[in-house]
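Each remark here refers to the structure printed beneath this line.
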Amino acid sequence: MRRKLLLLLETGLVLAGLLLGASAWKLHSALEQPLNLSQEQLLDVPAGSTPTGTFNRLQAEGVLDDAFWLRLYWRFNMAGQPLHSGEYRMTPGMTAEGLIGLWQRGEVVQYSLTLVEGWNFRQVRSALAKSEKLQQTLTGLSDSQVMEKLGHPGFSLKGVSSLTPIVSFGA
826 MRRKLLLLLE TGLVLAGLLL GASAWKLHSA LEQPLNLSQE QLLDVPAGST
876 PTGTFNRLQA EGVLDDAFWL RLYWRFNMAG QPLHSGEYRM TPGMTAEGLI
926 GLWQRGEVVQ YSLTLVEGWN FRQVRSALAK SEKLQQTLTG LSDSQVMEKL
976 GHPGFSLKGV SSLTPIVSFG A
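Mind the numbering: the sequence shown is residues 826 to 996 in the numbering used here, read in order.
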């Protein structure tokens with residue numbers, strides 16, 4: 826009886842070890858898998874997205890092969906870490922672990938907009954309106970309404986030739 830119990834315990838430990846080893850190998854394989862991309866793509870992660878939903882979406886699009894292990898990795902190794910919203914640049918040859926690293930660091934694609942010193946308010950508004958990546962929230966507002974949104978209600982731009990002394994971007 827004691828011998829059977831010991832044999833059962835040994836068998837259970839061996840099976841648990843095999844299961845643990847196979848799981849570790851599967852997890853490592855999932856992290857090291859290259860993304861299925863033939864060219865660079867941008868991944869849009871909207872505000873409120875979850876890692877689980879994003880992994881599932883990438884699997885459905887054929888970019889990832891096995892999202893289950895990646896979801897498991899995120900759940901146990903990065904619990905409490907937010908998934909930063911924005912656009913992420915995915916490149917051919919990038920691994921799933923590399924993509925997770927981008928998410929972890931919040932390395933979203935950044936776009937530039939040049940505002941030339943000396944421009945008047947109309948020129949600044951025109952440049953902002955032409956930017957495709959900016960969310961347009963000032964369309965249809967008058968200059969005085971825009972100044973009110975900027976925290977300067979009642980400020981008149983008549984006679985102002987340059988915005989340089991008015992607008993300050995600093996600490």
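Cβ coordinates follow ideal geometry from the N, Cα and C atoms, glycine included.
Can you check which of these residues, the options, is closest to residue i by C-alpha distance?
i	options	result
Leu889	Leu868, Phe946 and Ser874	Leu868
Trp899	Thr879, Tyr936 and Thr916	Thr879
Trp928	Arg947, Met903 and Trp944	Met903
Pro859	Ala892, Thr877, Gln961 and Ala954	Ala892
Ala885	Phe901, Asn861, Gly905 and Gly943	Asn861
Arg914	Asn881, Glu865, Gln960 and Leu832	Glu865
Tell me whether residue i is buried or exposed, calling it buried when 16 or more other Cβ atoms sit within 10 Å of its Cβ.
i	result
Ala996	Because the pLDDT of Ala996 is 39, which lies under 50, any placement of that residue in the model is unreliable, and the question is left without a value.
Pro871	exposed
Leu907	Just to set this straight, residue 907 is Pro in the shown sequence, not Leu. It is exposed - the Cβ of Pro907 has fewer than 16 other Cβ atoms within 10 Å.
Trp850	exposed
Leu938	exposed
Arg896	buried
Tyr936	exposed
Phe994	For Phe994, the pLDDT reaches just 47, beneath the cut-off of 50, and the residue's location in the model is therefore unreliable, although a value from the coordinates is still provided. With fewer than 16 other Cβ atoms within 10 Å, it is exposed.
Could you please give the first and the last residue of the uninterrupted alpha helix (DSSP H) stretch that includes residue i?
i	result
Gly846	Arg827 to Glu857
Asp890	No alpha helix (DSSP H) contains Asp890, which DSSP labels as neither H nor E.
Val971	Asp968 to Lys974
Gln929	Ala921 to Arg930
Leu953	Phe946 to Lys955
The ligand PLP heavy atoms versus the CB of residue i: any closer than 7 Å?
i	result
Gln960	No copy of the ligand PLP occurs in the structure displayed, which carries no ligand at all.
What first and last residue would you give for the beta strand (DSSP E) that runs through residue i?
i	result
Glu912	Gly911 to Met915
With DSSP as the reference, identify every bridge partner of residue i, one or two as the case may be.
i	result
Gln866	Met915
Any 3 or more C-beta pairs closer than 8 Å across the stretch 914-923 and the stretch 944-953: Not touching, per the Cβ criterion.
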